[in-house]
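Trainee: Sequences listed follow chains A and B, in order. 205 is the number of the first residue of the first sequence in my numbering; add one for each residue after it. 205 is the number of the first residue of the second sequence in my numbering; add one for each residue after it. Just so you know, even glycine gets a beta-carbon here, dropped at the ideal spot from N, CA and C. Just so you know, these numbers come straight off a predicted model, no measurement behind them. My structure is below; once you've seen it, I'll send some questions.
2 protein chains.
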Amino acid sequence: MSGWLVIAGLGPGDPRLWTAEVAEALTEATDVVGYTPYVARVADRAGLTKHASDNRVEIERATHALRMASEGQRVVVVSSGDPGVFAMAAAVFEALEAGPDTFRDLEIKVLPGITAMLAASAAAGAILGHDFCAINLSDNLKPWEVIEKRLRLAVDADFACAFYNPRSKARPEGFGRALELLKALCEPERLVTFARAVATPEETLITLPLAEATPDMADMRTVVLLGSSRTRRIERPGRSPIVYTPRWVPV
Amino acid sequence: MSGWLVIAGLGPGDPRLWTAEVAEALTEATDVVGYTPYVARVADRAGLTKHASDNRVEIERATHALRMASEGQRVVVVSSGDPGVFAMAAAVFEALEAGPDTFRDLEIKVLPGITAMLAASAAAGAILGHDFCAINLSDNLKPWEVIEKRLRLAVDADFACAFYNPRSKARPEGFGRALELLKALCEPERLVTFARAVATPEETLITLPLAEATPDMADMRTVVLLGSSRTRRIERPGRSPIVYTPRWVPV
């Protein structure tokens, strides 16, 4: 039996945001591996074993998946969103590089998914409609100084910005510091959108001027989209506003 | 009859990268609007009228779609990739903002898709596995100086970078200038990946050190991914290498 490893993105929540190739890989798998709430999104069926684990054990989970695939299993590692954006693909390749040579013989594929910022931008309109960046605000794996430097440069470049992992129970302070820095760098009217639990039944979207944003508006299920200086809001009577960034920059 | 407008992403090519909600919207539409090769990806059926147009007429196309929806049609504007990333969503909202009030009464939804950089990063491994940015290299809608400034700041931030629209027949020179600038800013071993026609039968992926990159490696069907200084290549005997950016930055 020839094993393989697929690293698949389940999108932000709604199964209607899965791609057909991800759904297909899941029907062929013998094992699904991932963080507990993501594994729970995959339906049970005969012949499929689910291996759910806590977060913060990405490398152990990745090594486990690589080992099962080496032993002939057909393994799908699931991530929320896109597996290549602040998710499991990089962790699997770190484990592969550090592991035995047999890991390099494996058939491995990454199947992309709808990452949270694209779903959030679409739900609001088109906030990422021009040049933009994505920054992970967690300082678990990089020094805080790197985050601050990147925020300064991103604002200087006038990118729209998507901030992942803005705040967690283990890191309650960081997002407040990031917000203070952004308020010092941007005009007070700059638009910021807090997209929580996007593409789930609990979705909430709040857009407001940066000057009115407070740290408690974000939690670990929130992706924060900061507009560029060109991002605009279209008011619509009886409908939610549209927030979008035009495609052009004036001379 | 109550019309609506959906702006949908078809992903980079392979229909297996469509999401289920995009496929569903297309089955309910009366009209599909878009750039000729994207409209051609949607299957013909009774009751569906296809409106294909040239590129560079985005605002006219957007206005046409808004007008048909106002008249009660169920209209899907299709983009390649994600409609919110250098595609039709921002153009539709520009046209909506400039148009009559009736446009603001419309039911409008943006349905996200797999944008080219995510498919390309996945095909190579996980090049966008840490903080990254996306820059449109076309100077049709912004001054070239803005592009150069953003390239400098992106390299200073040590973002991995995705470059869209690197080169076209109408703009043969720009990408060479961008490449010269990047070579001056980055170490010569910096990895760069040219992903052409990703997720189509003509897909090619080439990863090489930046010092060896030449302008003719890109055309209008290419997305270029520049690694950060941390991006690595794992060689695999008998298999294509894996290119990925680790999740962490050393202190």
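1) For a cutoff of 8 Å on Cβ pairs, would you count V281 (chain A) as touching chain B?
2) Using a C-beta to C-beta distance shorter than 7 Å, which residues of chain A count as neighbours of W452 (chain B)?
3) Any beta-carbon of chain B closer than 8 Å to the one on E225 (chain A)?
4) Which first and last residues belong to the beta strand (DSSP E) in which F398 (chain B) is found?
5) What does DSSP give as the partner residue(s) for E311 (chain A) in the beta ladder?
6) Starting from K353 (chain A), find everything on chain B with Cβ-Cβ shorter than 8 Å and list it in chain order.
7) Between which two residues does the beta strand (DSSP E) carrying P413 (chain B) extend?
8) If you follow the beta strand (DSSP E) that G238 (chain A) is part of, which residue opens it and which one closes it?
9) With contact counted as at least three CB pairs below 8 Å, one residue from each stretch, are the region 256 to 274 of chain A and the region 296 to 313 of chain A in contact?
10) Enumerate in chain order the residues of its own chain whose CB-to-CB distance from S432 (chain A) is below 7 Å, with the five nearest sequence positions on each side excluded.
11) Please identify, using Cβ separations under 9 Å, the residues of the region 327 to 338 of chain B that lie next to chain A, in order along the chain.
12) Can you give me the Cβ contacts of Y239 (chain A) inside the same chain, cut-off strictly under 6 Å, excluding the 5 residues immediately before and after it?
13) Less than 8 Å separating the beta-carbons of V428 (chain B) and F398 (chain B)?
14) Just checking: is the beta-carbon of A401 (chain A) within a distance shorter than 8 Å of some beta-carbon in chain B?
15) Distance cutoff 8 Å, beta carbons only. Does V261 (chain B) sit that close to anything in chain A?
16) In three-state terms, what does DSSP make of L345 (chain B)?
17) Does the CB of R308 (chain B) have a neighbour CB from chain A at under 8 Å?
18) Starting from L429 (chain A), trace the beta strand (DSSP E) both ways and give me its first and last residue.
19) Quick check on the burial criterion: 16 or more other C-beta atoms within 10 angstroms. Buried or exposed for E416 (chain A)?
20) Short check: CB of R356 (chain A) to CB of I438 (chain B), under 8 Å?
21) Which of the three DSSP states, helix, strand or coil, is assigned to S254 (chain B)?
22) Spell out whether any CB of chain A is found under 8 Å from the CB atom of T253 (chain B).
23) So that I know if they touch, is there some Cβ in chain B lying closer than 8 Å to that of G288 (chain A)?
24) Cβ closer than 9 Å: which chain A residues qualify as neighbours of N340 (chain B)?
25) In this structure, does DSSP put A330 (chain B) in helix, strand or coil?
26) Any chance the region 207 to 221 of chain A sits against the region 315 to 324 of chain A, with 3 or more Cβ pairs inside 8 Å?
27) Would you verify that the beta carbon of P316 (chain B) is, or is not, closer than 8 Å to some beta carbon of chain A?
28) Roughly how many angstroms separate the alpha carbons of G378 (chain A) and N344 (chain A), rounded to a whole number?
29) Strictly below 7 Å CB to CB, what residues from chain A border S325 (chain B)?
30) Residue range of the beta strand (DSSP E) that E439 (chain B) falls in?
31) Going by DSSP, what residues sit across from N340 (chain B) in a beta bridge?
32) Would you identify the three-state DSSP class for P445 (chain B), choosing helix, strand or coil?
33) When you compare the CB positions of A401 (chain B) and G217 (chain B), do they come within less than 8 Å of one another, or not?
34) Which residues of chain B have a Cβ atom closer than 7 Å to the Cβ of V350 (chain A), listed in chain order?
35) Pull up the distance between the alpha-carbon of K387 (chain A) and that of V396 (chain B), whole angstroms please.
36) Quick one: which chain B residues come within Cβ less than 9 Å of A247 (chain A)?
Mentor: For this structure:
1) As a position in the first sequence, residue 281 (chain A) is number 77, starting the count at 1. Closer than 8 Å: no.
2) The sequence position of residue 452 (chain B) within the second sequence is 248, counting from 1. Under the 7 Å cutoff, chain A gives L345, K346.
3) Here residue 225 (chain A) is taken as the residue at index 21 of the first sequence, counted from 1. Answer yes: the Cβ-Cβ gap between E225 (chain A) and chain B drops below 8 Å somewhere.
4) Translated into the one-based positions of the second sequence, residue 398 (chain B) becomes position 194. Taken as a continuous stretch (DSSP letters only), the beta strand (DSSP E) holding F398 (chain B) covers 395 to 400.
5) The residue labelled residue 311 (chain A) in the question sits at position 107 within the first sequence. A:W208, per the DSSP bridge assignment.
6) Counting from 1 along the first sequence, the entry for residue 353 (chain A) is found at position 149. Within chain B, the residues near K353 (chain A) are A361.
7) One-based indexing of the second sequence puts residue 413 (chain B) at position 209. Residues 408 to 413.
8) Here residue 238 (chain A) refers to the residue found at position 34 when the first sequence is read from its first residue. Element bounds for G238 (chain A): 235 to 239.
9) yes
10) Here residue 432 (chain A) refers to the residue found at position 228 when the first sequence is read from its first residue. Hits under 7 Å: H334, D362, F363, A364, T449.
11) A327, A328, G329, A330, I331, L332, G333, H334, D335, F336, C337, A338
12) Locating residue 239 (chain A) in the first sequence gives position 35, counting from the first residue. These residues qualify, in order along the chain: N259.
13) Reading the second sequence from its first residue, position 224 is the one you call residue 428 (chain B). Reading the second sequence from its first residue, position 194 is the one you call residue 398 (chain B). Yes, they are a contact pair.
14) Counted from its first residue, the first sequence places residue 401 (chain A) at position 197. With 8 Å as the cut-off, A401 (chain A) does not count as an interface residue toward chain B.
15) Position 57 of the second sequence holds residue 261 (chain B). Residue contact check for V261 (chain B) against chain A: no CB pair falls below 8 Å.
16) Here the question's residue 345 (chain B) lines up with position 141 in the second sequence. In the structure shown, L345 (chain B) sits in coil (DSSP, three-state: anything other than H, G, I, E or B).
17) The residue given as residue 308 (chain B) occupies position 104 in the second sequence. For R308 (chain B), the nearest CB of chain A lies under 8 Å from its own CB, placing it at the interface with that chain.
18) Here residue 429 (chain A) corresponds to residue number 225 of the first sequence, with the count starting at 1. That run of the beta strand (DSSP E) goes 426 to 430.
19) On the first sequence, residue 416 (chain A) is found 212 positions in, with the first residue counted as 1. With fewer than 16 other Cβ atoms inside 10 Å of its own Cβ, E416 (chain A) counts as exposed.
20) Residue 356 (chain A) sits at position 152 when you count from the first residue of the first sequence. Residue 438 (chain B) sits at position 234 when you count from the first residue of the second sequence. No. Outside cutoff.
21) Position 50 of the second sequence, counted from the first residue, corresponds to residue 254 (chain B). The amino acid occupying residue 254 (chain B) in the given sequence is Lys; Ser does not appear at that position. Strand at K254 (chain B).
22) For the purposes of this step, residue 253 (chain B) is taken as the residue at position 49 of the second sequence. Judged by the 8 Å Cβ criterion, T253 (chain B) is not in contact with chain A.
23) In the first sequence, residue 288 (chain A) corresponds to position 84, counting from 1. Answer yes: the Cβ-Cβ gap between G288 (chain A) and chain B drops below 8 Å somewhere.
24) Taking the first residue of the second sequence as 1, we reach residue 340 (chain B) at position 136. Per Cβ cutoff of 9 Å: H334, D335, R451.
25) Here residue 330 (chain B) refers to the residue found at position 126 when the second sequence is read from its first residue. Looking at A330 (chain B) - three-state DSSP - the assignment turns out to be strand.
26) yes
27) Taking the second sequence and counting its residues from 1, the one referred to as residue 316 (chain B) is at position 112. Chain A contact via Cβ: present.
28) Translated into positions along the first sequence, residue 378 (chain A) becomes position 174. Translated into positions along the first sequence, residue 344 (chain A) becomes position 140. Going from the Cα of G378 (chain A) to the Cα of N344 (chain A) covers about 11 Å.
29) Here residue 325 (chain B) refers to the residue found at position 121 of the second sequence. Going along chain A in sequence order, the residues near S325 (chain B) (Cβ under 7 Å) are G288.
30) Locating residue 439 (chain B) in the second sequence gives position 235, where the first residue counts as 1. Looking at the DSSP string, the run of the beta strand (DSSP E) that includes E439 (chain B) is 436 to 440.
31) As a first step, residue 340 (chain B) is located in the second sequence; it is residue number 136 there, counting from the start. B:Y368.
32) For the purposes of this step, residue 445 (chain B) is taken as residue 241 along the second sequence, with counting starting at 1. If DSSP states are grouped into helix, strand and coil, P445 (chain B) belongs with the strands.
33) For the purposes of this step, residue 401 (chain B) is taken as the residue at position 197 of the second sequence. For the purposes of this step, residue 217 (chain B) is taken as the residue at position 13 of the second sequence. In contact: A401 (chain B) and G217 (chain B) (Cβ atoms closer than 8 Å).
34) Counted from its first residue, the first sequence places residue 350 (chain A) at position 146. Under the 7 Å cutoff, chain B gives V453.
35) Counting from 1 along the first sequence, the entry for residue 387 (chain A) is found at position 183. Counting from 1 along the second sequence, the entry for residue 396 (chain B) is found at position 192. About 35 Å.
36) Here the question's residue 247 (chain A) lines up with position 43 in the first sequence. Within 9 Å Cβ-Cβ: nothing; A247 (chain A) doesn't reach chain B, min ~14 Å.
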